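In my numbering, the protein residues as written are 1 to 95.
Don't be surprised by glycine CBs; every beta carbon is placed ideally from N, CA and C.
From a predicted model like this one, the values you see are computed outputs, not experimental measurements.
What follows is one structure encoded as structure tokens, with my remarks underneath.
The structure is reproduced here in structure tokens:
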């Protein structure tokens, strides 16, 4: 990545998710093989990452575009986005 910003693991520990602040990507890494599985364009200022407890989705803040991008962790694709206030970053999951 150009500028790695945040790192989160899926609950089962198989994937590592790295946000690239400058490149605007979420880099999905196979944690066991230590290889890149996919790079997903999420937007300028890719920063905070939230993985839901069941490991099905990740939410990635794109602070430079005032949005949060939804990533399907089964298909490793962007499945949607949510408009957010100015400069979203840290997120929390409340069941």
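Spatial neighbours of residue 57 within its chain, please: CB distance less than 7 Å, with the 5 preceding and 5 following residues excluded, ordered by chain position. Taking the chain shown and counting its residues from 1, one reaches residue 57 at position 57. Closer than 7 Å at the Cβ level, and outside the excluded window around residue 57, lie 70, 71, 72 and 73.
Taking residue 24 and residue 89 to be in contact with their CB atoms under 8 Å, please state how far apart those CB atoms are, rounded to whole angstroms. For the purposes of this step, residue 24 is taken as the residue at position 24 of the chain shown. For the purposes of this step, residue 89 is taken as the residue at position 89 of the chain shown. So it is not a contact: roughly 15 Å between Cβ atoms.
Endpoints, beta strand (DSSP E) assigned at residue 20: For the purposes of this step, residue 20 is taken as residue 20 along the chain shown, with counting starting at 1. Residues 15-20.
Does residue 7 pass the burial test, meaning 16 or more other C-beta atoms within 10 Å, or should it be called exposed? Residue 7 sits at position 7 when you count from the first residue of the chain shown. It counts as exposed.
Taking the alpha-carbon positions, what's the residue 19 to residue 4 distance? Here residue 19 refers to the residue found at position 19 of the chain shown. Here residue 4 refers to the residue found at position 4 of the chain shown. Taking the straight line joining both Cα atoms gives about 6 Å.
In angstroms, rounded to a whole number, what distance separates the CA positions of residue 14 and residue 40? By one-based count along the chain shown, residue 14 stands at place 14. By one-based count along the chain shown, residue 40 stands at place 40. Those two C-alpha atoms are separated by around 18 Å.
Note down, one range per segment and in chain order, each beta strand (DSSP E) of at least 3 residues found wholly within the stretch 22-49. 25-30 and 35-41
For residue 80, which of helix, strand or coil comes out of DSSP? Here residue 80 refers to the residue found at position 80 of the chain shown. Strand.
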